[in-house]
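In terms of the numbering used here, the sequence shown is residues 301 to 520.
Using N, Cα and C, we set each Cβ at its ideal position, and we do this for glycine too.
Note that the structure is a prediction, hence the values are computed from the model and not measured.
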Amino acid sequence: MVKLQHLCSSSTRSSSSSSSSSSSSSSSSCSSKRSKDRQIKKKDRKGGARAAAATAAAAAAATAGFSPTSAAAAATAAAAAATATAAAAATTAAAAAATATATAATATAAAATAAATAAAAAAAASSAANAAAAAARTAKQQQHHHQQQQHHQRQLQQQRQLQQQLQQQQQQQLQQQQQQQQQLQQQQQQQRQHQQLQQQLQQQLQQQLQQQQQQQQRLP
301 MVKLQHLCSS STRSSSSSSS SSSSSSSSSC SSKRSKDRQI KKKDRKGGAR
351 AAAATAAAAA AATAGFSPTS AAAAATAAAA AATATAAAAA TTAAAAAATA
401 TATAATATAA AATAAATAAA AAAAASSAAN AAAAAARTAK QQQHHHQQQQ
451 HHQRQLQQQR QLQQQLQQQQ QQQLQQQQQQ QQQLQQQQQQ QRQHQQLQQQ
501 LQQQLQQQLQ QQQQQQQRLP
C-alpha cells in the first residue's frame, strides 16, 4: 500500500512540471492504481478495522496527490481511519476489561472457595477438638468411677475382715465361757463329792462312837 502511494505521488509531481501528454499518462496510471486499491479493499474487507483504515489512508493519499481539491477528502478519510483504529482499540480495551473482570470474578470465586474450605477445615478441627475433649471427660469419669468402685470394694473387704474378727472373738469368748462353766461344774461336783465324803466320814465316826458307847455300857 505504501509503495502504490509513493508511485502515484511521484507520477503526479512529474505531471505538474511536464507537458499535457505526461499529465494524461499519469492520470491513467493513478486510475489503474485506484482500481487496484479497490480490488485490495474487496479482498481485505474481512481483515478487520486496521486493514480498512490502512486502505482508506492509502486511497486518501493517492487522491490528494491527484487533485488539489481532494485534501479535505483525504483528511476526512484519515479521520475515519483514526476513528476506526480508536474504535478497534476501544473494543480491544473493552475485551481486556471484560477479561480482567472475568479473571477478578474467578479470583473472587477462588478466594470464596478457599475461605469456605478454610471454614470447613476450622469446623472440622473444632469438631475434632470437641470430640477429643468429650473423650477425655468420659475417660476421666470412667477412671473416677473405677476408683470409687475400688474404694468401695476395699471398704467391703475391711468390713468383712472386721466381721470375721468379731465372729472369731465371739467364738473365743463363747469357748472361754463354756470352759469356765465346765470348770465351775467340775468344781461343784468335786465339792459335792467332798461333802459326801465328809458326811460319810461323819457317819462312820458316829457309828464308831455309838459302838464304843454300847461296848462301854456292856462292860461290868
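Residue i, buried or exposed, once every other Cβ within 10 Å from all chains shown has been counted against 16
i: A374; result: buried
i: A381; result: buried
i: A377; result: buried
i: F366; result: Low local confidence applies: a pLDDT of 47 at F366 is under 50, so the model's placement there is unreliable, with the coordinate-based value given in what follows. Its Cβ being crowded by 16 or more others within 10 Å, F366 is buried.
DSSP-derived helix/strand/coil call for residue i
i: L519; result: coil
i: Q513; result: helix
i: Q449; result: helix
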